[in-house]
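Residue numbers (my numbering), protein chains in the order written: chain Z, -3 to 173; chain E, 221 to 402. No residue lacks a Cβ here, since even glycine has one placed at the ideal position from N, Cα and C.
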Amino acid sequence: MTATAILPRVRAQLSLILILLALLAAGITLAVVAMRGDGANQSEAQQVQQIAAGLHCPVCKDLSVADSPAPLAQQMREQIAQKLRAGETPDQIRAQFVAAYGDSVLMSPPKRGLSAAVYVLPTIVIAAGLAVATMLVRRWVRRPELESDEDDAAPMAASDRRAVLKAVERLREEEAA
Amino acid sequence: MSPVTRRRALLLGVVAVVVSAAAVVLSVGLRRDPSAVPSPLIGRTAPDFTLNQLDGKPFTLSTLRGQIVVVNFWASWCTECHTEQSTLNQTWQRFQDSGVVVVGVNFEDTTDDAIDYVRTASVSYPVVEDSDSRTALAYGLRGVPETFVIDRTGRIVDRIIGPVDATRLTNQITSMLPAGEQ
């Protein structure tokens, strides 16, 4: 196998490694963000902000409780602060708003029921994309090999074939003589 | 069937399933009323509250257990609340002797404006002030007017968003009254 045939294969393998490394880095980043949670070291104001940012303002269109200037959103922020001071956890506070307003009060849909599809579908699509990418990269890796094999078995030019046939005929004549 | 044909048929099948699923989701979703937000409180015990009436006297919802209660959230600045006022007044007048109580919960308003409104609109049922919106939040309020119907056991049986429809409210109340009192 020649150097020109090996080079594309190395390049393709390098691409595959780089893609896998990028995906691994993205996965680790997502896991770190997801595991960080509500953070026990945050100040009360930060905790209020974080909880309020995860709740829809009930009297607004597409605004979180944290971003809304509506008086009801302001009351919600005050209620969140009071509940935190009373020792309630962010999850308990969210659960109370969900009990009154339903899941629609949450800025992110819950990870259960039909809403779970929002979380599951991207994973399936990413997995399918990864499978397709792997398949394509493998095909690219294999192609230079096939091309080099094809080069080895390339048909002879007509003039060369005639020359070879003549040489063989001459040899046979010499042997017969 | 050759492998290539089989692969194409499989691909077509997958595409057909995905398109059909999307069509079903859209056809169901597009027919839904985006303003109709179901309340998770229906069928549950109504959140209790103790609030001051406009004359300063305290009022506790749970003291009305055993009666049918219509809790109406309203504000003097809310024009739709003015629209439904005659229905609420008539409901109170018609059913108060049958063990039905209408309670007005004033939302995001000033006491003076609320008192003026109650006087001019001839409201004679109890009206309380939810000055910190705590009760509104407990009832999952999304605006005014909003009305909740509570049965004799204290469970919420209906939630009406927007101005009260007289027929709906009357039917709801009469369905909970004994035959002789309807």
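Item                                                                                                                          : Value
Boundaries (first-last residue) of the beta strand (DSSP E) holding leucine 271 (chain E)                                     : 270 to 272
Three-state secondary structure assigned by DSSP to serine 255 (chain E)                                                      : The predicted model places serine 255 (chain E) with a pLDDT of 48, which falls under 50 and marks its position as unreliable, so this point remains unresolved.
Selected residue, minimal CA-CA separation from phenylalanine 269 (chain E), among E:Ser259, E:Leu397, E:Val347, E:Val238     : E:Val347
Aspartate 350 (chain E): first and last residue of the uninterrupted beta strand (DSSP E) it sits in                          : 347 to 350
Residue environment, threonine 225 (chain E), which counts as buried when at least 16 other CB atoms sit within 10 Å          : exposed
Simplified DSSP state of tryptophan 136 (chain Z), which is helix, strand or coil                                             : helix
For threonine 394 (chain E) and valine 291 (chain E), believed in contact at Cβ under 8 angstroms, the rounded distance       : Actually they do not touch by this definition, with Cβ atoms about 18 angstroms apart.
Residue-level contact to chain E via CB, valine 55 (chain Z), 7 angstroms cutoff                                              : yes
Paired residues, beta bridge with tryptophan 294 (chain E) - DSSP                                                             : E:Asn326
Environment of methionine 72 (chain Z) [buried if 16+ CB atoms lie within 10 Å]                                               : buried
Nearest-angstrom Cβ-Cβ length linking proline 54 (chain Z) and glutamate 328 (chain E), presumed shorter than 8 angstroms     : Going by Cβ atoms, the distance from proline 54 (chain Z) to glutamate 328 (chain E) rounds to 13 angstroms, so no, they are not a contact pair.
Residue nearest to isoleucine 376 (chain E) in terms of C-alpha spacing, selected from E:Val234, E:Arg264, E:Val237, E:Leu308 : E:Arg264
From E:Glu349, E:Phe293, E:Thr307, residue whose alpha carbon lies closest to that of lysine 277 (chain E)                    : E:Glu349
Chain-ordered chain Z contacts of alanine 358 (chain E) [CB-CB under 8 angstroms]                                             : Ala96
Cβ-based burial, serine 259 (chain E) [other Cβ within 10 Å; buried from 16]                                                  : buried
Alpha-carbon to alpha-carbon, glutamate 84 (chain Z) and valine 384 (chain E)                                                 : 37 angstroms
Where proline 67 (chain Z) meets chain E, residues with beta-carbon distance less than 8 angstroms                            : Glu328, Ser353
Interface flag, glycine 363 (chain E) vs chain Z, CB-CB below 7 angstroms                                                     : yes
Members of the stretch 254 to 274 of chain E that neighbour chain Z once the beta carbon cut-off is set at 9 angstroms        : Val257, Pro258, Ser259, Pro260, Leu261, Arg264, Pro267
Nearest neighbour of arginine 388 (chain E), chosen from E:Glu304, E:Val239, E:Pro398 [CA to CA]                              : E:Glu304
Residue range of the unbroken alpha helix (DSSP H) whose run includes proline 67 (chain Z)                                    : 67 to 81
Chain-ordered residues of the stretch 120 to 142 of chain Z with a beta carbon less than 8 angstroms from chain E             : none
Residues bridged to threonine 280 (chain E) [DSSP beta-bridge criterion]                                                      : E:Thr270
Leucine 250 (chain E) versus alanine 243 (chain E) - alpha carbon distance                                                    : 10 angstroms
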